[in-house]
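Notes for the one structure printed next.
Residue numbers (our numbering), protein chains in the order written: chain A, 649 to 1099; chain B, 81 to 299.
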């Protein structure tokens, strides 16, 4: 039963139920019919017996017996119906004096007055009633073959069970057809899924799908859509990464060739090696950023159990950037109430957010500008004073590999897109804006306040 | 041969400039497209190396602009995009050749040489005249079958004269072709190079056309 399809199981169950119901009903019907038949024939036998009991048997002669035989023969030839009924009249000493000329001839004298008994006549089971005649000198026996009664009962059964049988048969047939019809969309779905080509992530058709399994199909379609999105993102990511890696690789290749050409020039060689090291550093940074972005994209590190200590993270990162900021006469300040855009999450990702924003502020901020990092009411703000970003650039910030025109600072163009991705992962909102004070990046918690 | 290089990436730009100069080209390198675009109108360049992925103004519109204004210097485009559509678009906008990143310095050299040769109507890779032969790729000079050792600037002057044989080149033209902006040039630099070339290849090789310049006449 385990491996059979639901359709076959339903059909088999219906057949089983119908058959059982039919059999049980049949047994009851058989019992009822035989009882009714017995009642009917018993009454008939009784009436006949009474009539015979009222007759005058003293004057009966063998001639009369012969006449009766002849009469019965005529009746028999006119009507084939043999009701298998017979009677015999006995004297109380057991001598048969008259019979119906056929079945009654074989009756033997075994009187059990006024009740129906089963007796064997000519190797057949008969139901016989014995009653004494009115004048008590004779015993009347009226009997009927039991098999005949059974035949009649069976015929009656047949007559009224046949429509039933046809009805049940038709019902089963219709059920099978309906089940087949109703299961067709599911089969079509299964066949479609089997035949699907690798990588085909298109949605499943909801056409004619029963409401019971519609939620399942919708859930599957949602899942397919998610997988599709992820896959597309991954593909885009790989394509972009490969594309972006070409530039640092070209730099490395060209610088290496220059180095080979400068074999005889010690000074140029030293210079070339320095450039090569720079190129390797840049490629390494790009790969690290790509990895960070990939992690943020996949969301694997988005655990929500660890409580994040925003102030500690910010202080550590600010300490890291102090020297770089001083080199540009910048002042890094922190204002904090130790709340952040998400309370629980991965500290590494939270650190990446703060680091990338601080790095951008120090790198691209106006020399001599103050940088204020604020943690307040669950909001993280990085304000770079005296710095403005053009509207055109503002709309494209956060796009992967976007680097504004005329940029002298080295960068991968990934930092903000990583921040955007992480913020999105935790359901927050990332905004860039120019204010009177300077360029402001803020991260607000999600409206739902889930994290 | 003087080449205009427009490349925003500092490491690639620096590598190409240093490498190509070592290989005998005079290279003017611009990191931004706007200055680079203007530079072509200022100097007689033999070829241009143009990166398509420039910030601000992109290489494709620079190219379109040049061709629109009738500039026909051979242009080699560099592109980080490997897709065919991008390359076709570049060629259709008037580029003469393209190189997808990552490329090799020697390939840039070879392609530039081929572009310059074709532009001067000289499809054969070697330049020859009066028993002197010069291979722009290996930058080797042979005179009557013997290898001659020349300084990079001398080779460049010889290359220029061979490329323009039977034509008179002014001192200023030669100077412009072999020195880049920012390079210190002594007033008699060209005379000095010609003098050295004559010493190594014979006095008859390069003619002085008084008050006009120099010519390599094929006999």
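All C-beta atoms, glycine included, are put in the ideal place defined by N, C-alpha and C.
These numbers were taken from a predicted model, which means no experiment stands behind them.
Taking 9 angstroms as the Cβ-Cβ cut-off, the segment 161-187 of chain B approaches chain A at 161, 162, 180, 181, 182, 183, 184, 185 and 186, given in chain order. Excluding residues up to 5 positions away in sequence, 143 and 147 lie with their Cβ nearer than 6 angstroms to the Cβ of residue 174 of chain B in the same chain.
Contact residues of the segment 894-905 of chain A toward chain B are 894, 895, 897, 898, 899, 901, 902, 903 and 905 (C-beta to C-beta distance below 7 angstroms).
Residues of chain A whose Cβ lies closer than 9 angstroms to the Cβ of residue 89 of chain B are, in chain order, 895, 896, 898 and 899.
Distance from the CA atom of residue 806 of chain A to the CA atom of residue 786 of chain A, rounded to whole angstroms, is 41 angstroms. Rounded to whole angstroms, residue 234 of chain B and residue 129 of chain B show a C-alpha spacing of 24 angstroms. Taking residue 119 of chain B as the centre and dropping the five residues before and after it, the same chain places the C-beta of 84, 108 and 110 closer than 7 angstroms to its C-beta, in chain order. Residue 1061 of chain A does not reach chain B, its nearest Cβ partner there being about 10 angstroms away, counting only Cβ pairs nearer than 7 angstroms.
Pairing residue 189 of chain B with residue 992 of chain A, the inter-Cα distance amounts to about 57 angstroms. The shortest CA-to-CA distance from residue 919 of chain A to any of B:98, B:228, B:160 and B:212 is the one to B:98. Put simply, the backbone Cα of residue 792 of chain A is about 12 angstroms away from that of residue 800 of chain A.
By alpha-carbon distance to residue 962 of chain A, the top candidate from A:980, A:954 and A:974 is A:980.
For residue 769 of chain A, the enclosing beta strand (DSSP E) has its first and last residue at 764-769. A distance below 8 angstroms between beta-carbons, with the five flanking residues on each side excluded, links residue 1071 of chain A to the following residues of its chain, in chain order: 989, 1001, 1077, 1078 and 1091. One finds 906 in chain A with Cβ atoms closer than 7 angstroms to the Cβ of residue 98 of chain B, taken in chain order.
Under the three-pair Cβ rule at 8 angstroms, the segment 822-829 of chain A does not count as touching the segment 688-708 of chain A. DSSP places residue 981 of chain A within a strand segment (E or B) once states are collapsed to three. DSSP places residue 1081 of chain A inside the beta strand (DSSP E), whose first and last residues are 1077-1082.
Put simply, the segment 716-723 of chain A touches the segment 736-752 of chain A. At least three CB pairs are less than 8 angstroms apart. Of the candidates A:901, A:933 and A:804, the residue whose Cα lies closest to the Cα of residue 1063 of chain A is A:933. Distance between residue 105 of chain B and residue 1006 of chain A, taken at the CA atoms: about 43 angstroms. In chain order, 849 place their CB closer than 6 angstroms to the CB of residue 876 of chain A, counting only its own chain and leaving out the 5 sequence neighbours on each side. Comparing C-alpha distances from residue 743 of chain A to each of A:732, A:756 and A:733 shows the shortest one belongs to A:756.
The beta carbon of residue 971 of chain A sits closer than 8 angstroms to no other beta carbon from its chain once the five residues preceding and following it are set aside. Rounded to whole angstroms, the separation of the alpha carbons of residue 917 of chain A and residue 911 of chain A is 7 angstroms. Excluding residues up to 5 positions away in sequence, 157 and 178 lie with their Cβ nearer than 6 angstroms to the Cβ of residue 170 of chain B in the same chain. In this structure, the beta-carbon distance from residue 1016 of chain A to residue 1035 of chain A does not fall below 8 angstroms. What residue 102 of chain B touches in chain A, judged by beta-carbon distance under 9 angstroms, is 906, 909, 910, 913 and 916, going in chain order. Along the segment 176-259 of chain B, the alpha helix (DSSP H) occurs as fully enclosed runs of 4 or more residues at 185-199, 232-243 and 251-258, listed in sequence order. The C-beta of residue 923 of chain A comes closer than 8 angstroms to at least one C-beta of chain B.
With a cutoff of 8 angstroms on beta-carbon distance, residue 1020 of chain A and residue 977 of chain A are scored as not near each other. Looking at A:826, A:1008, A:935 and A:926, the one whose alpha-carbon comes closest to that of residue 892 of chain A is A:935.
When beta bridges are read from the DSSP output, residue 1020 of chain A appears opposite A:981 and A:1031. A straight line joining the alpha-carbon of residue 964 of chain A with that of residue 1069 of chain A spans about 22 angstroms. For residue 734 of chain A, the enclosing beta strand (DSSP E) starts and ends at 733-739. In the three-state DSSP reduction, residue 856 of chain A falls in the coil class, being neither helix nor strand.
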